[in-house]
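The opening position of the sequence shown corresponds to residue 3 in our numbering, with each subsequent residue numbered one higher.
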Amino acid sequence: LAFAPPMVVGGLLTAAAYLAGELVLIPGIWLALYGTGVMTAGAYSVRVIPLMGAAFIALSAVGLLTPVSGDLLLALGLGGLHVGFGALIWRRYGG
């Protein structure tokens, strides 16, 4: 339930950015709101999950404030952060 509101807002902002022709903003929007969802839902999980959410939010700031490739940031976030934090959780918490 804590994850849903940021995802709904992400959908709305994605539609608004698309309709306004601001496609360059979409990766930053996705990373920011996914990070927000992970951070809020992480309140009900192991301690490291909110830190992963903060890392997504930091990547979103890079995407929204610099000309770095959105594709690269999505790969680093949705690929790299999940693998990295997954390994950390597996090692520290056993799965």
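C-beta: ideal position from N, C-alpha, C; glycine also. On a predicted model such as this, the values are computed, not experimentally measured, just so you know.
Nearest-angstrom Cα separation, counted from residue j out to residue i
i	j	result
Gly44	Leu67	26 Å
Ala17	Leu83	25 Å
Ala4	Thr42	6 Å
Val10	Thr38	12 Å
Ala57	Pro7	19 Å
Simplified DSSP assignment, three categories, for residue i
i	result
Arg93	helix
Ala17	helix
Val26	helix
Phe87	helix
Residue i burial status per 10 Å Cβ neighbour count (16 or more: buried)
i	result
Val40	buried
Ala63	exposed
Tyr46	exposed
Tyr95	exposed
Gly72	buried
Gly13	exposed
Contacting residues, own chain, Cβ-Cβ under 6 Å from residue i (five flanking each side not counted)
i	result
Tyr15	According to the sequence provided, residue 15 is Leu. The question's Tyr does not apply to it. Counting only Cβ-Cβ distances below 6 Å, and skipping sequence neighbours, we find Ile31.
Leu27	Ala19
Residues near residue i in its chain [Cβ-Cβ closer than 7 Å; skip 5 each side]
i	result
Ile51	Val40, Gly44
Ile91	Val48, Val50
Residue range of the alpha helix (DSSP H) that includes residue i
i	result
Ala63	51 to 67
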